[in-house]
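A.B. asks: All letters in the sequence shown, in the order written, are residues 1 to 221 by this note's numbering.
Every residue, glycine too, gets a C-beta built ideally from N, C-alpha and C.
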Amino acid sequence: MIINIAHLYGNLLNTYGDLGNIMALRYELRKMGHDANIDIISLGDEFDPDKYDFVFLGGGQDYEQRIVQKDLLNKKDQLKQYIDNNGVMLSICGGYQLLGKYYYDANNNKIEGIELFDHYTVNQDNNQRFTGNIKVKSSIIDDQIYTGFENHGGVTYLGEGEEPFAYVLEGNGNNGEDKSEGFRYKNTIGTYLHGPLLAKNENLAKELAKKIIWRKENEGK
Ligand code: GLN
C-alpha cells in the first residue's frame with residue numbers, strides 16, 4: 001500500500017529536526033512492506049481528511065506559530081473530522097500548543113489556538129524556558145519509557161478530562177508541576193518531545209506504523 005502522509009506546514013513548523021519523525025515512520029512502514037507519499041500541506045492548501053493516513057504537525061518559533069494559527073483555523077473542521085475518525089496524528093511542541101485554546105508567546109502576546117482540545121499554554125516568568133533531555137513513561141504501549149529533548153517557553157495545562165500522553169520521569173513536560181506530558185485522544189498525540197521522538201523511540205514509531213496500516217486496511221481507508 002501507499003501510505004499518505006500530510007506534513008502540515010512542513011515549510012514553517014520544523015524545529016530541532018522534527019522532520020525526522022516522518023523519516024523514522026517511513027523507515028518502519030517500508031520494513032512492513034509499505035511505501036509512503038508525503039505532501040506538505042501549508043498556507044492556503046486544502047487538507048483532505050479522507051486522503052491521509054498520518055498527519056504530522058511540528059514545533060515552531062513564535063513568529064511562525066502566529067502565521068500558521070490563522071491558516072490552521074481554516075482547516076479546523078477537516079482536522080476535527082480526521083481526528084474523530086481515528087486518524088493517526090502526531091503534533092509536537094508549538095503544533096501541540098496550537099491545537100489547544102491559546103498560547104502566550106515570549107512577548108506575552110496571546111495567540112489563539114484552534115480549540116480542538118481544551119489545553120492552554122501560558123509563558124514562564126522572565127522568559128525562562130524548559131530546555132534539556134526528558135524521559136517519560138507512557139501508557140500508549142505497556143508503560144514504555146520514551147526519551148526526547150524539550151525546549152519550550154510555554155507552560156501547558158490540560159483541560160478537564162484531557163489525558164496526558166505520558167508522565168514525566170526526568171525533565172519538565174507540560175508545566176514542570178503536575179508531571180503530565182503532552183496529551184492523547186483516540187489516535188492523536190501531542191507532546192513536547194523533540195528528538196526527533198520517533199527516531200529516538202523505535203517502539204513508538206512501530207506502534208504508530210501498525211495503527212496506520214490497521215486503520216487503512218480495516219476502515220476502508
Ligand atoms: N514557541 C513555543 C514555545 O517556546 C514552541 C517552541 C517549539 O515548538 N520548539 O513554547
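#1: DSSP three-state label for MET23, please.
#2: Just checking GLN97 against ligand 1 - is the residue's beta carbon closer than 7 Å to any of the ligand's heavy atoms?
#3: Name the one or two DSSP bridge partners that ILE92 has.
#4: For HIS34, I'd like the list of residues in its chain whose CB is within less than 6 Å of its CB, leaving aside the five on either flank, ordered along the chain.
#5: How would you label ASN107, buried or exposed, when you count the other beta carbons within 10 angstroms and need 16 or more for buried?
#6: Given that a residue counts as buried once 16 or more other Cβ atoms are within 10 Å of its Cβ, and exposed if not, what is TYR63?
#7: What is the C-beta distance between GLN124 and VAL168, in whole angstroms, given that I count them as a contact (C-beta under 8 Å)?
#8: Taking only the alpha-carbon atoms, compute the straight-line gap between GLU152 and LYS31 and give it to the nearest angstrom.
#9: Does the Cβ of THR191 lie closer than 7 Å to at least one heavy atom of ligand 1?
#10: Rounded to the nearest angstrom, what separates ALA209 and LYS216 at their Cα positions?
#11: In or out: ILE41 buried (at least 16 other Cβ within 10 Å) or exposed?
#12: Please indicate yes or no: does the CB of ASP48 lie closer than 7 Å to some heavy atom of ligand 1?
#13: When the distance is taken between beta carbons, is GLY148 closer than 8 Å to HIS119?
#14: Closer than 7 Å to a non-hydrogen atom of ligand 1 - does that hold for the CB of LEU7?
#15: Give me the residue from ARG26, GLY95 and GLY10 with the minimum Cα distance to LEU198.
#16: Write down the C-beta distance between GLU181 and THR191 rounded to the nearest angstrom, noting that I regard them as a contact closer than 8 Å.
#17: Within 10 angstroms of the Cβ of GLU46, are there 16 or more other Cβ atoms? Answer buried if so, exposed if not.
#18: Looking at C-alpha atoms only, which residue of GLN128, GLY87 and GLN144 is the closest neighbour of GLU219?
#19: Helix, strand or coil for TYR82? Go by DSSP, reduced to three states.
#20: Any heavy atom of ligand 1 closer than 7 Å to the CB of THR131?
#21: To the nearest angstrom, how far is it from the Cα of ASN201 to the Cα of ASP77?
C.D. replies: In short, the structure shows the following:
#1: Numbered from its first residue, the sequence shown carries residue 23 at position 23. The answer is helix: DSSP assigns MET23 an H, G or I state.
#2: Translated into the one-based positions of the sequence shown, residue 97 becomes position 97. GLN97 Cβ: within cutoff of ligand 1.
#3: To locate residue 92, count along the sequence shown from 1; it is residue 92. DSSP output for ILE92 lists THR191 as bridge partner(s).
#4: Taking the first residue of the sequence shown as position 1, residue 34 is located at position 34. Only MET1 and ILE3 meet the Cβ criterion.
#5: Stepping through the sequence shown from its first residue, residue 107 is reached at position 107. Exposed is the call here.
#6: What you label residue 63 is simply residue 63 of the sequence shown in a count that begins at 1. Exposed.
#7: Taking the first residue of the sequence shown as 1, we reach residue 124 at position 124. Taking the first residue of the sequence shown as 1, we reach residue 168 at position 168. Incorrect: roughly 16 Å between the Cβ atoms, too far for contact.
#8: In the sequence shown, residue 152 corresponds to position 152, counting from 1. In the sequence shown, residue 31 corresponds to position 31, counting from 1. What sits at residue 152 in the sequence shown is His, not Glu. The straight-line gap from Cα to Cα measures roughly 34 Å.
#9: Working through the sequence shown from its first residue, we reach residue 191 at position 191. For ligand 1, not one heavy atom lies less than 7 Å from the Cβ of THR191.
#10: By one-based count along the sequence shown, residue 209 stands at place 209. By one-based count along the sequence shown, residue 216 stands at place 216. Each residue's alpha carbon lies about 11 Å from the other.
#11: The sequence position of residue 41 within the sequence shown is 41, counting from 1. By the 10 Å Cβ count, ILE41 comes out buried.
#12: On the sequence shown, residue 48 is found 48 positions in, with the first residue counted as 1. Checking every heavy atom of ligand 1 against the Cβ of ASP48, none is found closer than 7 Å.
#13: As a first step, residue 119 must be located in the sequence shown, where it is residue number 119. As a first step, residue 148 must be located in the sequence shown, where it is residue number 148. It is not a contact, given that the beta carbons lie outside the stated cut-off.
#14: As a working mapping, residue 7 is identified with position 7 in the sequence shown. It should be pointed out that residue 7 corresponds to His in this sequence rather than to Leu. Result no, Cβ not under 7 Å from ligand 1.
#15: Position 198 of the sequence shown, counted from the start, is the residue given in the question as residue 198. It is ARG26.
#16: Residue 181 sits at position 181 when you count from the first residue of the sequence shown. Residue 191 sits at position 191 when you count from the first residue of the sequence shown. Indeed, because the Cβ distance is near 6 Å, the residues count as touching under 8 Å.
#17: Within the sequence shown, residue 46 is the residue found at index 46, counting from 1. Exposed, since its Cβ has fewer than 16 Cβ neighbours within 10 Å.
#18: Locating residue 219 in the sequence shown gives position 219, counting from the first residue. Measuring from the Cα of GLU219, the nearest candidate turns out to be GLY87.
#19: The count along the sequence shown starts at 1 and reaches residue 82 at position 82. TYR82 falls in the helix class under three-state DSSP.
#20: Here residue 131 corresponds to residue number 131 of the sequence shown, with the count starting at 1. No.
#21: In the sequence shown, the residue the question calls residue 201 occupies position 201. In the sequence shown, the residue the question calls residue 77 occupies position 77. Cα to Cα, the separation comes out at about 31 Å.
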